[in-house]
Each structure stands twice: as C-alpha cells, then as structure tokens.
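In what follows, a structure is listed as structure tokens, so that the remarks can point back to it.
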Amino acid sequence: MSPQTTTAPTPAVATARRLAEELLAPHAAAVEAAGAVPRSHLEALAQAGLRAVDGDDALAVVEELAAGDLATAFVWIQQVGVARWLEAGSAADGRWATQLDDLRAGRTHAGIALQAALRPGPAAVVARRLTQDDDGDGWVLDGAVPWVTGWGLLDALLLTARDGEEVLFLLLDLRTVRDGDGDIPRLRAEALPLAAVRASRTVQLHLDGVHVGAGQLVARAQHAALLAGDAAGLRPNGSLALGLVLRCVRALGDGGGTAQHVERATALAAELDAVRQQLDAAGPAELPAARAAAVDLAWRAAATLSLTTGSSAVISGSLAERTVREALFLLVFGSRPAIREALLDGLLPGAH
1 MSPQTTTAPT
11 PAVATARRLA
21 EELLAPHAAA
31 VEAAGAVPRS
41 HLEALAQAGL
51 RAVDGDDALA
61 VVEELAAGDL
71 ATAFVWIQQV
81 GVARWLEAGS
91 AADGRWATQL
101 DDLRAGRTHA
111 GIALQAALRP
121 GPAAVVARRL
131 TQDDDGDGWV
141 LDGAVPWVTG
151 WGLLDALLLT
161 ARDGEEVLFL
171 LLDLRTVRDG
181 DGDIPRLRAE
191 ALPLAAVRAS
201 RTVQLHLDGV
211 HVGAGQLVAR
221 AQHAALLAGD
231 AAGLRPNGSL
241 ALGLVLRCVR
251 ALGDGGGTAQ
261 HVERATALAA
271 ELDAVRQQLD
281 AAGPAELPAA
291 RAAAVDLAWR
301 AAATLSLTTG
311 SSAVISGSLA
321 ERTVREALFL
331 LVFGSRPAIR
341 EALLDGLLPG
351 AH
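Pasting the structure below:
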C-alpha cells in the first residue's frame, strides 16, 4: 500500500512532505508569477539531504515535492538524474566524486539534456572529435536541445551528443565557459512560453561549435542500446503525475470540505495507491501503459478538484486552475508513442 496514504512515511519522505507543505506549496503561486523557481528552494531541498535519497524513497520524495509545487519538482528531478549519472561514473574511478558531493550538498545545481541519447532518427546534437590538426582535444558540438530545464539556475549541464552511433554523456561546466558579460559563447537559450511550470525556466538550447574537452566525458554508450533500454527509465517521471493526484486528494480531504468531498478524496486515494502499485510492478513492456494510467488519473483528479472548487477554479492563479494546467502539461511531457496511444485509447476507445 501507499507509504504516502496508509503507512508512516520514512524520514526522507517525511522531510520532503514538510518542505512541500511549509515551503513549496505556500509560495507556488508567487513562484509561478515570478517565472522562476528560486535557487533557495533547491538549496533547501539539497541541504535537507534529499539529493542523496535512493530507491523507493526517491520516487516518494518526487511525489511529495510535486504535490507542493510541480515547477520545483520538475527542476529537482533533472538534478537527481545528473547525480545518478555522476554516481555511476564515480564508481569506476572516483573522478566525479567532488562534483557529486557538491551537487548533493546543494553547493551546485545541474541540469540534464538527454535528447541525443533517447531520440530515434537524426541526432539532436552532433559531436565531432577533434584531431591532432585541431587546437585542443575533445569534441565540437553542434545542434539544438529542444528541452533544457532550470536554465539560469544551472552551474553544469549533463549533455548528450552523438558521434556516429556512439552517444557521449558530457558534463559541461557552465561557470567556466561564461564570458565577461555572463554569456556563454556559442550557446544560445531560447525560452519556451510554457502554459504550465513556466517557473521551471525551460529553454531550447542551440549549440554552435561548442568545444567540450575530453576530461568532461562522463560515459559513452551505443545509441541502439540506449533506445532499447529507454522504457526501463520511464518510472521516475510517473511520480510527477502521482504528486499532482496526491495534491488533489489532500485538497479534497481538507477539514473544510464536505462529507462528499472527503468521500471523493478517499476514492481518489484508493486509485492513487492502485496506480502507484501498477507503476512499481511494471517491467519495461508494461511501463508505458502504467505511465499513461498515472497521467490519466492526474487529469481526472484535476478535473475533480475544479468541479468541487466551483467557479473560482477558473480564476487565474487559483490552486484548481494551476493544477489543471499542470495536468495538461503532464499529458504530453516525457511521453512516448506507446504512452500517447494508451492515453488516446482511453479518451477515444475504438477510434483508430
């Protein structure tokens, strides 16, 4: 059963819940209006030890943070992904230990851009290996990353680029490549006007001859192998949708609600438990359907919260209005063809 709804949370999950309730949720509307997750939010979460949490606790932490503020959780989950790659790289020779310690302690913040690794077809970013005739070692990168979250907050970016059929995982230290005006030569960020989680500072990043040294290589793998294993990595993003449902459960079950609201909250909590268990039990073949079930539940939970809230749900900045926009965001974020088809089949059964 759900550790969030039926059993006592672990210390890490309890800490995440406290920070979500005391820090993230009260400021979520103001953060969205300002258009930027404050760096202090990320530092508070890191200093509470949440970047060092692994396994089921890590999934539950993301869920709690998303219940408080999806924009902060969206930036946070990228940083957790960087930590996992650096941890794997450090296991071999300890070369990334310092960067990993700084990231977990909140002294630095990092983003992730894996489109070149996980996108079929032409590479989003192409790497050209420098030769002896070139000035320096490493690679020159060209292309565009369609989705980079946390821009302006980041000290480093874990970027993938393709050199033929090989994918390179490269840690770009953004602090060392800025010029005197604070800009990054040969990197251009184009802000995306998102309908939700606008405070996540998500941009499209254009690279024009960016030089990355050989010492910045974290890992390398074959593109075909990464694509084949992609489904196995779909579980963490499902916690963002579960967090939105958890927010609705708590809002509906608030002491100020009617007995009917509490009854609906109880029913929604039972569905939340069932979908979480479906996600946890799913193997790679079942994960797309499980992810679709989580997003579908988030969408229905947001609609339920709006209907029970009434006319004030259409006022910009209200909890219900923001939750509906965030549910729309999750319908398409991090999707795959199998997830999309499962969602469409649920919305329009029999329509092919």
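For the sequence shown, position 240 matches number 240 in this note's numbering, and the numbering has no gaps at all.
Cβ atoms here follow ideal geometry from the backbone N, Cα and C, with glycine treated the same way.
Contact check, E64 vs V13 under 8 Å by CB: the rounded distance?
6 Å
Contact under 8 Å by Cβ, L170 with L217:
Result yes, Cβ atoms of L170 and L217 sit closer than 8 Å.
Extent of the continuous beta strand (DSSP E) run through A144
W139 to V148
Looking at A127: is its Cβ nearer than 8 Å to the Cβ of D173?
No, the Cβ-Cβ distance between A127 and D173 is not below 8 Å.
Own chain partners of F329 with C-beta closer than 8 Å, once the 5 adjacent residues on each side are dropped:
L70, L194, A195, A196 and V197
Test item: CB-CB of L157 and V148 under 8 Å
yes
Smallest Cα separation from V145: which of E286, L153, T131 and A124?
The alpha carbon of V145 has as its nearest neighbour, out of E286, L153, T131 and A124, the alpha carbon of A124.
To the nearest angstrom, how far is the alpha carbon of L319 from that of S200?
18 Å
For L118 versus L227, is the C-beta distance shorter than 8 Å?
yes
Among residues of its own chain, excluding the 5 on either side of Q260, which ones have a beta-carbon nearer than 6 Å to its beta-carbon?
none
Give me, in chain order, the residues of the same chain whose beta-carbon lies closer than 8 Å to that of G215; leave out the 5 immediate sequence neighbours on both sides.
G138
Under DSSP, the beta strand (DSSP E) around V53 begins and ends at which residues?
Element bounds for V53: n/a, residue is neither H nor E.
Span of the beta strand (DSSP E) around Q222
L217 to Q222
Compare the Cα-Cα distances from R59 to each of A189, A270 and A241 and report the closest residue.
This sequence places Leu at residue 59; Arg is not what is there. Taking only the C-alpha atoms, the option nearest L59 is A241.
Rounded C-alpha distance that separates S2 from T176:
Summary for S2: the model assigns pLDDT 36, below 50, so the residue's position carries little reliability, and this model does not support an answer.
Please say whether L252 and V295 have beta carbons closer to each other than 8 Å?
no
Other residues of its chain near G334: CB distance less than 7 Å, five sequence neighbours each side excluded
N237, listed in sequence order.
Counting pairs of beta carbons, one from the segment 262-272 and one from the segment 310-326, are three or more of them closer than 8 Å?
no
Quick one: using the 10 Å Cβ neighbour count with 16 as the cut-off for buried, is S316 buried or exposed?
exposed
Can you tell me whether G164 is helix, strand or coil according to DSSP?
coil
Tell me the residue span of the alpha helix (DSSP H) that contains D345.
P337 to L347
Could you give the C-beta distance for G49 and H109, rounded to a whole number, given that I count them as a contact under 8 Å?
With a Cβ gap of about 16 Å, G49 and H109 do not count as contacting.
8 Å Cβ cutoff met for A302 and L348:
no
If I follow the unbroken alpha helix (DSSP H) through R264, where does it start and stop?
A259 to A281
Cβ shell of G368 (< 7 Å), same chain only, five flanking positions each side left out:
As displayed, the chain neither begins before 1 nor continues past 352, which places residue 368 out of reach and without an answer.
Using the C-alpha atoms, what's the distance from A46 back to P355?
No answer is possible for residue 355: the residues shown for the chain start at 1 and end at 352.
First and last residue of the uninterrupted alpha helix (DSSP H) at S43:
Checking the sequence shown, residue 43 turns out to be Glu, not Ser. Where E43 is concerned, the enclosing alpha helix (DSSP H) stretches over R39 to Q47.
Using only CA atoms, which one of L130, S239 and L234 lies nearest to G209?
L130
Three-state secondary structure assigned by DSSP to E64:
Helix at E64.
Starting from the C-beta of V249, find all residues in its chain whose C-beta is less than 7 Å away, skip the five residues before and the five after it, and write them out in chain order.
A265, L268, A269 and L272
Return the first residue and the last residue of the beta strand (DSSP E) that E190 is part of.
L187 to A191
If you follow the beta strand (DSSP E) that R129 is in, where does it begin and where does it stop?
It spans V125 to R129 - the beta strand (DSSP E) in which R129 sits, taken as one unbroken run.
Exposed or buried, what is P11 when buried is set at 16 or more other beta-carbons lying within 10 Å of its beta-carbon?
exposed
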